[in-house]
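The listed protein sequences derive, respectively, from chains R and E.
At position 335 of the first sequence the residue is numbered 336 (this note's numbering), and the sequence of numbers has no breaks.
At position 294 of the second sequence the residue is numbered 723 (this note's numbering), and the sequence of numbers has no breaks.
We treat Cβ as the ideally placed atom computed from N, Cα and C, and that holds for glycine.
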Amino acid sequence: MTVSGDAGGAPARASFWNDPRVRAAVFQILVLGGIILFGVYIVNNTLVNMESRGISSGFDFMTRTAGFDIGMTLIGYDEASSYGRAFVVSLLNTLLVSAIGIAFATLLGFLIGIARLSSNWLISKLAEVYIEIIRNIPLLLQIFFWYFAVLRVLPSPRRSFELADAFFLNLRGLFVPRPVFEAGFAAIPIGFLVGLVAVALVARWARRRREATGEQFPTVYVSIGILAGLPLLAGAATGFPLSWDYPVLKGFNFQGGMTLIPELVALVIALSVYTASFIAEVVRSGIQAVSRGQTEAAHSLGLRPGPALRLVIVPQALRVIIPPLTNQYLNLTKNSSLAAAIAYPDLVLVFAGTALMQTGQAVEIIAITMAVYLTISLSISAAMNLYNRKMALVER
Amino acid sequence: MHYKTVFAAAALAVGLALPASSGTMDDVKAKGHVQCGVSQGLPGFSNPDQSGNWTGIDVDVCRAVAAAVFGDANMVKYTPLSAKERFTALQSGEIDMLSRNTTWTLVRDTALGLDFAGVNFYDGQGFMVRKDKGVKSASELDGASVCVNIGTTTELNMADFFRANGMKYEPVVFEKSDEVVAAYDAGRCDVYTTDRSGLAAQRVKLKDPGAHMVLPETISKEPLGPVVRHGDNQWGDIVRWSLIAMIEAEEMGVTSGNVDDMRKMATNPATKRLLGMEGDMGKNLGLSTDWSYNIIKQVGNYGEVYERHVGPDTPIGLARGPNALWTNGGLMYPMPVR
């Protein structure tokens, strides 16, 4: 083939093998094929080797009787339950500690992040010291600190700190009365749900009125009133059908009531204190990313500092804050697996620990555990992305 | 060289995915030492002494194997493992043998792809409590918090015991045995449970050992012994017969002190076979003829090992009990070396 010299004709096509697009496709297919082959080889080899060494495989064990007990269960579980049930119990424990940790870390992180920007020298320095110390100490050490150094000095059950013969704090945890719901109690949560709907309606009405007339309506106070008032009214009408099961010291431990085990407390404190220091920096950078001119413009329009922050600064800052905040939530959830170090019965300790040891099916159990953490992380990520899309700058 | 390091790292990462090597004996000879999995510190069984050398009756099983294979009991390297890590370390080939107070059970012998090479200590599970709790029997433990080590038969026996007796309890499960002891010592639990030998050994680590007592009940059988990978029968034989040789030596009255004299003067055919002067026991195992001589000379017979590490004159202070020779009413019964 000869290449013609005239510029007017169509650009000459390179030969098939010299076409960059063809080459790119070929190399991508080769690499992908290599990776797939490697994966198939690894999986196949693992199966063959497990077979030849007589290591059992498969997922039948999930329905077998587990035979061990778990220290903290949110749903019914005993020694006769299956490994599958133990898996769910430990998964719920992981989700519980992550959810509480995320809530506390967010609260504390926002407080400290805002304190860091305070014009008060002492407050801003204290926040800075907190951030610099906490985020530079490894999390595992902090967990050990709270569990072994702080909570271990609590007294024994017989010498518990007590409040009103109903709340007891000792080395075994915090014992609080457990509510016992009696017939007719449903009226109270129903009242709360009705309150939620009412609040949504009020908020919508208030926004429409503001957009139409510019008049402000104290939505927050009215909402609190509705949310607290309706359940109270419902309770008063039904005569509060609720009694309490108090913890009582019997034998070795307190029986009855609800128990907050020290492992959970130590883990929640450590995770939220640690993650809060990162969230504080995220919040600080987010607020600082909104240019000073925005504040000045808001003030010059006559907005007071409160509404200026709420209506102008925060919505813009949130756009910067949310993506790195998502990362911190993911980190906290994954870090919750350090629970195994202090005997909190989470997924890693119970399922990838005891269950793995008793069945010996390491490959299956570790695969399930990894899949679970992946799913949790992707779910948090998806939820935060949804929120981010809602908060993102809408171009008009 | 660099290529090899990368390969070793990859091998560790994929573990089971690599081709199975059945010739542990060849591997051991090639690298020049026995890689032995031991506990992270259980006095009397496997524990580093003041100068950092591992000692204990479990350690002496590893040393006996090294003496049989290399003629030198010191050619062992130790890998301290938690109860949770031990089986995967053996399955993946990270260690050659596991000698870590491990109970012989059906599931471990079959579903985990392991083989038990014998029993070097007969044990049973017990409970330790503070004396001031006023508990006299395990049947009074209803509602107690119990500290226990993860991944052990102990964890299951405890669940069985409390379930069978209709009692409630709160398990507090730690990964390292030191953490279990520390939590019990701090009062997080009312009860510490593990094998009775373990209770005796860990007791010396408590702040005030005298303030604690072991309850009379033994709630399980715990035959502890060395473990090898399933399917490598030659290596399994070497470990099994190294242990048997130590017990047989005690029965024959051969000690590390008199083994040289015995070698010159022994007339009993069984003793002669044990010491490699008759028959070709070493050859059948793929070892030298003086394999058992080396074990006895350098490590000692089972009785010596027992007295040295856990016997009444040690801080552990355990009487022979079921671990006495069968001729003395115990369970230690060596298979005939012939």
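Taken through DSSP and simplified to helix, strand or coil, E:Gly740 comes out as coil.
For E:Phe556, the enclosing beta strand (DSSP E) covers residues 554–559. Segment contact: the stretch 313–333 of chain R against the stretch 98–116 of chain R, three or more CB-CB distances shorter than 8 Å; contact assigned.
When the Cα atoms are used, R:Ala290 and R:Leu310 turn out to be separated by approximately 14 Å.
Proximity to E:Ser685 across E:Ala502, E:Asn476, E:His659 peaks at E:Ala502, based on C-alpha coordinates.
Under the Cβ criterion of 8 Å, E:Glu523 is not counted among the residues facing chain R.
Neighbours of E:Thr517 across chain R, judged by C-beta separation under 8 Å: Ala363. If you check each beta-carbon in the stretch 254–279 of chain R against every beta-carbon of chain E, the ones closer than 7 Å belong to Asn254, Gln256. No residue range can be given for E:Cys618, since it is assigned to no alpha helix (DSSP H) and is classified by DSSP as neither H nor E. Interface criterion met: the Cβ of R:Leu350 is under 8 Å from a Cβ in chain E. By the Cβ test, the stretch 585–597 of chain E is not in contact with the stretch 511–527 of chain E, since fewer than three Cβ pairs between them sit closer than 8 Å. In this structure, E:Asp552 lies away from E:Gly665, with their beta-carbon atoms at least 8 Å apart.
Cβ atoms of E:Ala640 and E:Lys560 come within 8 Å of each other, at about 6 Å.
At a beta-carbon threshold of 8 Å, the residues of chain R lying near E:Leu585 are Gly68, Phe69, Gln359, ordered along the chain. Close CB contacts of E:Tyr613 within its chain, under the 6 Å cut and outside five residues either way in sequence, are with Cys576, Tyr621 (chain order).
Contacts with chain E at 8 Å (Cβ-Cβ) do not include R:Gly59. Counting only unbroken stretches of 4 or more residues, the alpha helix (DSSP H) elements lying wholly within the stretch 516–549 of chain E are 535–539, in sequence order. For E:Arg658, the residues of chain R that pass the 7 Å Cβ criterion are Arg54, in the order they occur in the chain.
Taken through DSSP and simplified to helix, strand or coil, R:Gln362 comes out as coil. Residue burial is scored here from C-beta neighbours: R:Thr74 has at least 16 other C-beta atoms within 10 angstroms and is therefore classed as buried. With contacts defined by Cβ atoms closer than 8 Å, E:Ser511 and E:Glu651 do not form a contacting pair. With contacts defined as CB atoms closer than 8 Å, R:Arg179 and R:Gly72 fail to qualify as a contacting pair. Going by DSSP, E:Trp670 is part of no beta strand (DSSP E) but of the alpha helix (DSSP H) stretching over 662–681.
In the displayed model, R:Arg136 falls within coil according to three-state DSSP, outside both helix and strand. Distances from the alpha-carbon of R:Ala277 to those of R:Glu133, R:Leu93, R:Ala299 put R:Glu133 closest. Taken through DSSP and simplified to helix, strand or coil, E:Lys562 comes out as helix. Membership of E:Pro600 in the beta strand (DSSP E) is indicated by the continuous run 598–603. Going by DSSP, E:His641 is part of the beta strand (DSSP E) stretching over 641–643. Annotation: R:Ala298 to R:Pro306 spans about 12 Å, alpha carbon to alpha carbon. Judged by their CB atoms, R:Arg285 and R:Leu118 are nearer to each other than the 8 Å cut-off.
The beta-carbon distance between E:Thr623 and E:Gln554, rounded to whole angstroms, is 7 Å. This is short enough to meet the 8 Å contact definition. For the pair E:Ala496 and E:Leu672, the CB atoms are not nearer than the 8 Å cut-off.
The residues Gly708, Met710, Val766, Arg767, in chain order, have a CB closer than 8 Å to that of E:Arg702 in the same chain once the five nearest residues on each side in sequence are set aside. When rounded, the separation of the alpha-carbon atoms in E:Met675 and R:Phe88 is 45 Å. Within chain E, no C-beta atom comes nearer than 8 Å to that of R:Thr327; the closest sits roughly 29 Å away. Straight through space, the alpha carbons of R:Phe162 and R:Tyr330 are spaced by roughly 34 Å.
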